[in-house]
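Chemist: I'd like to ask some things about the structure below.
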Amino acid sequence: MTTTALRVPYVIAYSEETVSLNLAVIHDVWALSGRRLSYADPAASDWVMGVLWARQKCARRGEVNYKEMHTIRQRECMLHRLCQVCEDPAMDPGTGRLS
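Quick note: the working numbering has the sequence shown finishing at residue 1334, numbered continuously throughout.
Spelled out as C-alpha cells, the structure:
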C-alpha cells in the first residue's frame, strides 16, 4: 500500500515557528486614540506599511498548525502575487489575471 503525504499550504505555520508575543500598549501621538499596540521591546521591522505584524520564526519545522497562518509567508504571497498553497506565481501569463 502506498501512502501519499498531504501537501501543507505554504502559508501555514509550524509549531517551532511560534514566538512569545510580549505585547504592550504604548503612547503614540499619531494614533487616533493616542495609544497603539506594540511589542514590549519594539523594533522598526515590527511594522510594515503602518501595520504591526506578528513575529514568527521561519523554520518550517515541528508539527503543522493548520489553525495558524504564518504572517510573513502570507504577506510575501500578497505582495508578490504568489499562490498561498504552492508559492508559485498566481498570475496567469496568458490573461494577466490572478488565478
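By construction, the Cβ of each residue, glycine as well, lies at the ideal position given by its N, Cα and C atoms.
These numbers come from a predicted model, not from an experiment.
Quick one: any contact between the region 1303 to 1312 and the region 1261 to 1269, if contact means 3 or more CB pairs under 8 angstroms?
Modeler: No contact exists between the region 1303 to 1312 and the region 1261 to 1269.
Chemist: Tell me the start and end of each unbroken alpha helix (DSSP H) in the region 1257 to 1317 that is at least 4 residues and wholly inside, in chain order.
Modeler: 1306 to 1315, all fully within the region 1257 to 1317.
Chemist: Can you tell me whether Y1249 is buried or exposed? The criterion is at least 16 other CB atoms within 10 Å of its CB, across all chains shown.
Modeler: Buried is the call here.
Chemist: Taking the straight line between their C-alpha atoms, what separation do you get for D1281 and G1329?
Modeler: Each residue's Cα considered, the two are about 37 angstroms apart.
Chemist: For L1333, which residues does DSSP report across the bridge?
Modeler: Its beta-bridge partners are M1326.
Chemist: On a CA-only basis, which of D1323, S1268, Y1274 and N1257 is nearest V1246? Give me that one, please.
Modeler: Answer by Cα proximity: D1323.
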